[in-house]
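Trainee: First the structure, then my questions, so here it is.
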Amino acid sequence: MKVCKNCGEINTNDTLYCCSCGMSNFIIQEEVACPHCGAINDKSYSHCINCGNELVARKSVTTPVAEGYTPIPVNVKEVSAVFDTGMTSIPSEMARCPHCGALVPITAIFCQKCGVSVANLHSRRIVQRKVCPHCGRLNKLESNFCSYCFSSLADADVENLQVTHESQNLGELTVRQAFLEGLTGKQLLCPNCGTLNNPNEPFCVNCGLKLEVEEPKKYCPNCGAENSIDSTFCAKCRWAFEGDIPDKIEKWTCPYCEHVNNKEDSFCPNCGQKKHV
Numbered sequence: 010m011k012v013c014k015n016c017g018e019i020n021t022n023d024t025l026y027c028c029s030c031g032m033s034n035f036i037i038q039e040e041v042a043c044p045h046c047g048a049i050n051d052k053s054y055s056h057c058i059n060c061g062n063e064l065v066a067r068k069s070v071t072t073p074v075a076e077g078y079t080p081i082p083v084n085v086k087e088v089s090a091v092f093d094t095g096m097t098s099i100p101s102e103m104a105r106c107p108h109c110g111a112l113v114p115i116t117a118i119f120c121q122k123c124g125v126s127v128a129n130l131h132s133r134r135i136v137q138r139k140v141c142p143h144c145g146r147l148n149k150l151e152s153n154f155c156s157y158c159f160s161s162l163a164d165a166d167v168e169n170l171q172v173t174h175e176s177q178n179l180g181e182l183t184v185r186q187a188f189l190e191g192l193t194g195k196q197l198l199c200p201n202c203g204t205l206n207n208p209n210e211p212f213c214v215n216c217g218l219k220l221e222v223e224e225p226k227k228y229c230p231n232c233g234a235e236n237s238i239d240s241t242f243c244a245k246c247r248w249a250f251e252g253d254i255p256d257k258i259e260k261w262t263c264p265y266c267e268h269v270n271n272k273e274d275s276f277c278p279n280c281g282q283k284k285h286v
């Protein structure tokens, strides 16, 4: 696996950009395959994260002790905490792209490597989340504290949820979004960080990504103004989207408001100033 040097997120080896922050600087994480189930684990793990069996059989080693020496007991958990980087374990909610073989998360609509549609790979898939006993929000199974209210999840119940998708038609474009649906209702999965958001949230509560899908816009190649997708003429400079190319159309720019006008206009339709010859 690849560990992002910017945010510490663990990514698959075929990832070109971090799935969490979008950076491209990685550290290669050493891995070992479990001899019992074949799951991939970090080299530092002693037990498989998938089946729980030991990754390497322990050998009985007798270390000679000097006369009169009394060994000091070591708390293994305290020592491990010193080197703990806070990185999450290898993501389990993945599927393999049928086109290029890249691993794609349940939030993916298209493969991040080859662009093939992969939403159906996770459709109706059952995943589990911890229910915060304090605020009722859903958290990933590996979370020890709620991502929303920071309460302890030690006594949290586990809920089964199903991956579903909704499609929205925006002109000629069809947009799909991933949801997790369970007893608590349907919640929108952020495509950037995987956080669950209420369907009416305009921005992700964790990473701030805009979740609202807007209608596509048509940008005028003459003046750059934004227009609705079904516009025939630019609302600012009146350039015909189906007409001649911009560099062949004679225009004049108002020196007062910088509005772009047609050659035949004697006055600026935006501010009313007279054209200077």
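Each residue of the sequence shown is one higher than the one before, starting from 10 at the first, in the working numbering.
The beta-carbon is built from N, C-alpha and C at its ideal position, and this holds for glycine as well.
Just so we're clear, the structure is a prediction, and the values are computed from it rather than from any experiment.
Counting along the chain, where does the alpha helix (DSSP H) carrying leucine 130 start and finish?
Mentor: 128–131 is the span of the alpha helix (DSSP H), which, as asked, contains leucine 130.
Trainee: Quick check on the burial criterion: 16 or more other C-beta atoms within 10 angstroms. Buried or exposed for lysine 11?
Mentor: Buried.
Trainee: Assuming alanine 165 and threonine 116 are in contact, meaning their beta carbons sit under 8 Å apart, how far apart are those beta carbons, in whole angstroms?
Mentor: Between threonine 116 and alanine 165 the Cβ distance is about 22 Å, and since that is not below 8 Å, they are no contact.
Trainee: I'd like the ranges of any beta strand (DSSP E) spanning at least 3 consecutive residues and lying wholly in the stretch 163–193.
Mentor: Counting whole runs of 3 or more residues, the stretch 163–193 contains the beta strand (DSSP E) stretches 166–179 and 182–191.
Trainee: Taking the beta strand (DSSP E) that glutamate 40 falls in, what are its first and last residues?
Mentor: It spans 40–42 - the beta strand (DSSP E) in which glutamate 40 sits, taken as one unbroken run.
Trainee: According to the neighbour-count rule (16 or more other Cβ atoms, all chains shown, within 10 Å of its Cβ), is glutamine 196 buried or exposed?
Mentor: It is buried - the Cβ of glutamine 196 has at least 16 other Cβ atoms within 10 Å.
Trainee: Under the DSSP definition of a beta bridge, which residues are partnered with proline 114?
Mentor: The partner list for proline 114 (beta bridge, DSSP) reads Met103.
Trainee: Verify whether the separation of the beta carbon atoms of valine 269 and lysine 283 is less than 9 Å.
Mentor: Not a contact, by the Cβ cut-off of 9 Å.
Trainee: The beta strand (DSSP E) with serine 161 in it runs from where to where?
Mentor: Neither: serine 161 is in no beta strand (DSSP E) and is coded neither H nor E.
Trainee: Distance check for glycine 191 and valine 136, CA to CA, integer angstroms please.
Mentor: Roughly 10 Å separates the two Cα atoms.
Trainee: So the beta strand (DSSP E) asparagine 153 belongs to, where does it begin and stop?
Mentor: Element bounds for asparagine 153: n/a, residue is neither H nor E.
Trainee: Using the Cα positions of glutamate 221 and glutamate 210, report the straight-line distance between them to the nearest angstrom.
Mentor: Whole-angstrom Cα-Cα distance: 8 Å.
Trainee: Starting from tryptophan 261, trace the beta strand (DSSP E) both ways and give me its first and last residue.
Mentor: Tryptophan 261 -> beta strand (DSSP E) spans 260–262.
Trainee: So, leucine 179 versus glutamate 235, is the Cβ gap smaller than 9 Å?
Mentor: No; because the gap between Cβ atoms is not below 9 Å, this pair is not in contact.
Trainee: Could you give the distance in angstroms between the alpha-carbon of glycine 31 and the alpha-carbon of proline 114?
Mentor: Cα to Cα, glycine 31 sits roughly 15 Å from proline 114.
Trainee: Under the DSSP definition of a beta bridge, which residues are partnered with histidine 56?
Mentor: In the DSSP output, where bridge partners are listed per residue, histidine 56 has Glu63.
Trainee: Within 10 angstroms of the Cβ of cysteine 263, are there 16 or more other Cβ atoms? Answer buried if so, exposed if not.
Mentor: Answer is buried; the Cβ neighbour count reaches 16.
Trainee: Please go through the same chain and pick out, in chain order, the residues whose beta-carbon is closer than 7 Å to the beta-carbon of cysteine 213, but skip the five residues on each side of it.
Mentor: For cysteine 213, where only same-chain residues beyond five positions count, the Cβ hits under 7 Å are Cys199, Asn201, Cys202, Thr204, Asn206 and Leu220.
Trainee: Is cysteine 158 closer than 9 Å to histidine 143 when the C-beta atoms are compared?
Mentor: Closer than 9 Å, so yes.
Trainee: Output yes or no for whether 9 Å exceeds the beta carbon distance between valine 167 and leucine 150.
Mentor: Yes, they are a contact pair.
Trainee: What is the DSSP secondary structure of alanine 234, reduced to helix, strand or coil?
Mentor: Coil, per DSSP.
Trainee: From what residue to what residue does the beta strand (DSSP E) around glutamine 137 run?
Mentor: Start and end: 135–140.
Trainee: In whole angstroms, what separates the C-alpha of isoleucine 37 from that of glutamate 175?
Mentor: Cα to Cα, isoleucine 37 sits roughly 36 Å from glutamate 175.
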